[in-house]
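Numbering (the working numbering), first residue to last: 218 to 374.
Glycine is no exception: its CB is placed at the ideal position from the N, C-alpha and C atoms.
Inspection log for the structure reproduced underneath, given as structure tokens.
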């Protein structure tokens, strides 16, 4: 069994991820939601071939609407930024933890330019892990091999 099989099996199709997924807020259906990614992952595990649309979804859905900022009309990106920021703040969220460099850049730098200063902090997950290691809170095991972390979006911190 794959280590992530539990994640695939845990989706209960509640569609709550549809409400908070930044890309889904400006598109229709579940193409860019975590649920959509889970379904694509399930197909890969089952040995099924992904369609071009599903392959594009995997790439586009990992960048918190960076594709809108890079390619779309900025008015649309600004409207999305407003919806996302207002929604997150309406929940009383004080810190958003992101796993992708593109999401970090968009949320922490682009959204304030497109809309306004955020009332919540944006934190890149690897920075938190680094700080936890440096503070002795997280103690990773020694590995006999090299590990690298890659993302398709550059990170400038």
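What's the gap between the Cα of residue i and the Cα of residue j?
i, j, result
"residue 353", "residue 342", "17 Å"
"residue 300", "residue 267", "31 Å"
"residue 329", "residue 361", "43 Å"
"residue 358", "residue 339", "28 Å"
"residue 236", "residue 262", "27 Å"
"residue 295", "residue 320", "15 Å"
"residue 324", "residue 331", "10 Å"
"residue 347", "residue 311", "21 Å"
"residue 286", "residue 258", "27 Å"
Quick one: grab the DSSP three-state call for residue i.
i, result
"residue 265", "coil"
"residue 291", "helix"
"residue 355", "coil"
"residue 360", "coil"
"residue 232", "coil"
"residue 257", "helix"
"residue 365", "coil"
Give the single residue among the options whose Cα lies nearest to the Cα of residue i.
i, options, result
"residue 212", "335, 365, 321", "The structure shown does not extend to residue 212, since the chain is modelled only from 218 to 374, so the question has no answer here."
"residue 292", "313, 264, 327, 232", "327"
"residue 333", "345, 351, 348, 302", "302"
"residue 313", "337, 346, 264, 260", "337"
"residue 345", "364, 316, 363, 324", "316"
"residue 399", "252, 226, 227", "Nothing can be reported for residue 399, as the shown portion of the chain is limited to 218 through 374."
"residue 250", "349, 226, 231", "231"
Tell me residue i's beta-bridge partners as DSSP assigns them.
i, result
"residue 341", "315"
Can you check the segment 303 to 337 for any beta strand (DSSP E) of at least 3 residues that lies completely inside it and give the ranges in chain order?
312 to 315
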